[in-house]
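Keeping their order, the protein sequence lines are chains A and B. Quick note: the first sequence, position 52, residue 51 per numbering that gives the first Met the number 0, numbers continuous. Quick note: the second sequence, position 198, residue 197 per numbering that gives the first Met the number 0, numbers continuous.
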Amino acid sequence: MDNPSEIIVTLDKYLDHDVRLVLYGRGGLHLGFENSPIAWAHTQDVDGIIEATVWEKLSEDKQFWESIEATNNELSGKGLYITHLFGEEQVFLRRDWTEHLVPIRHPSTKHLKLFRPATIDLVLTKMMRGDDPQDMEDAAFLIRRDRINPDQLEEAFGSANLTDIEELHDAFDRAKPLVLEMAALNTP
Amino acid sequence: MAVLNVYIELAMKLEESSAGPYTSSKLLKKIASLGLEIPDDLEKLAVVRGLRYYDTGNEGDQLRQNAALQVSTDRLSNAELAIAMLSPDLPGENAAAVQMRQRIAAAVLSASDVDAADLAALAIEERCVPIVVWIATCGADVEPEHSFWTELTDRLPEPELVLSAPHPTRFFAMSGIDKGVKRTTRQWIRPNLAPAENC
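As structure tokens, then:
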């Protein structure tokens, strides 16, 4: 079993009720796209975004947090983790990102209801480290796969929530020309 | 005289090429003499020495069986391994591969058996001060209580600009939510094995 699936299946095993979780990062990309690069299957952690509408209830869900801890304890020997969770305000996403979520259907889970952001929102998440080579490789795959063009990106930039941290704004500005250039290849 | 200079230059080049690669790096020559393939075995050795985070192919157990990678820290210290991965004399590759190696090196050089003074001396000798200072600066920001980082930068000259270096967040694992509370936690990535367990 690939690493992201193993992490998800393990977490699902510990839960005793349904939980909605949006995945991103390489783990979310691997589970959310078919024929994804092999490197994505080898990631050792799964990153999740907690939607603002879900946060209050989830923050008080003791059984969920105990399940997270149990998952990390069980998998730490293999170097696998699901500790990287973020509130939606901590991640670059369009303001209406929750209206465009894509269900993740593999692996099969009993309690976890999994989603990933729309591809263009995932591109935005890959811009948080500026011109980081690994993130830019991932962005290139996403842009190419969904044939995202520069106009679509510019529209997404205009509606993106970039958080208040200036360093992240600088990173975003560094990544912009690179992703626009990738998208230009999709323009006939 | 001009003809003589050409012959001298040619003789010097022939001498250089017959001495093997990495002639300007004493450290890489040492590593090559240990039978390690450069650069691939450097990353594998880091995994064998407990850097599970970067064992992305789950090959750790298999690598530990590989006789060629049974190089103890007595023969090649973690400081030397880290600096080797930061050497400007390594074969040129794409930016992603170079930065991945820098990330692995950042983890190895933070191993508990690495001495700041030794590491600084190696960084100067192997001409990789800028990237080591960058890593140490990031380390001090994540772990201000860990004196290793300032001990390291105190021993290094003011560097020139680093042309290519990983984003700080590539050196540590980070989460924005910790046990149901919104707070950012950062954990520097370092090898898991205790020094005595290193091969």
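The beta carbon of each residue, even a glycine, is placed where N, CA and C say it ideally should be.
Item                                                                                                                         : Value
Cut-off 8 Å between Cβ atoms - residues of its own chain near B:Glu196, not counting five sequence neighbours on either side : Note that B:Glu196 scores 36 on pLDDT, short of 50, meaning its location in the model is unreliable and no value can be drawn from it.
Contact list for B:Ala172 against chain A, beta-carbon separation under 9 Å                                                  : Asp44, Tyr80, Thr82 and His83
First through last residue of the beta strand (DSSP E) which encompasses A:Asp131                                            : Element bounds for A:Asp131: n/a, residue is neither H nor E.
Within the segment 151-183 of chain B, ranges of the beta strand (DSSP E) (whole runs, at least 3 residues)                  : 171-177
Beta-carbon proximity list for A:Asn148, same chain, < 6 Å, skipping 5 on both sides                                         : Ala182, Asn185 and Thr186
Contact between the segment 48-65 of chain B and the segment 116-126 of chain B (3+ Cβ pairs under 8 Å)                      : no
Cβ neighbours of A:Arg25 in the same chain (closer than 6 Å, five flanking residues each side left out)                      : Trp39 and Thr42
Any C-beta of chain B under 8 Å from that of A:Asp131                                                                        : yes
Contiguous alpha helix (DSSP H) assignments of at least 4 residues, all confined to the segment 65-108 of chain B            : 77-84 and 94-107
Per DSSP, the bridge partner or partners of A:Ala159                                                                         : A:Arg93
Those runs of the beta strand (DSSP E) which lie wholly inside the segment 45-92 of chain A and span at least 3 residues     : 80-86
Under 9 Å by beta carbon: chain B residues contacting A:Gly86                                                                : Gly175, Ile176 and Lys181
Under the three-state DSSP convention, the category A:Phe171 falls into                                                      : helix
Identified DSSP bridge partners for A:Pro102                                                                                 : A:Phe114
Interface flag, B:Arg189 vs chain A, CB-CB below 8 Å                                                                         : no
As assigned by DSSP and simplified to three states, the class of B:Ser16                                                     : Note that B:Ser16 scores a pLDDT of 46, beneath 50, so its modelled location is shaky; the value from the coordinates is reported in the next line. Correct three-state label for B:Ser16: helix.
Near-chain C residues of the segment 41-65 of chain B (beta-carbon distance less than 9 Å), N- to C-terminal order           : The structure shown contains no chain C; its protein chains are A and B.
Proximity of B:Leu68 and B:Leu33 at Cβ, strictly below 8 Å                                                                   : no
Near-chain B residues of the segment 94-115 of chain A - C-beta to any C-beta below 7 Å                                      : none
Residue of A:Val45, A:Thr108 and A:Asp150 minimising C-alpha distance to A:Tyr23                                             : A:Val45
Best match in A:Asp1, A:Leu179, A:Leu92 and A:Met135 for proximity to A:Glu50 [C-alpha to C-alpha]                           : A:Leu92
For A:Glu73 and A:Thr9, the rounded distance between their alpha carbons                                                     : 8 Å
Any C-beta of chain A under 8 Å from that of B:Thr164                                                                        : Before going further, note that residue 164 of chain B is Ala rather than Thr in the sequence given. No - not a single Cβ of chain A is within 8 Å of the one on B:Ala164.
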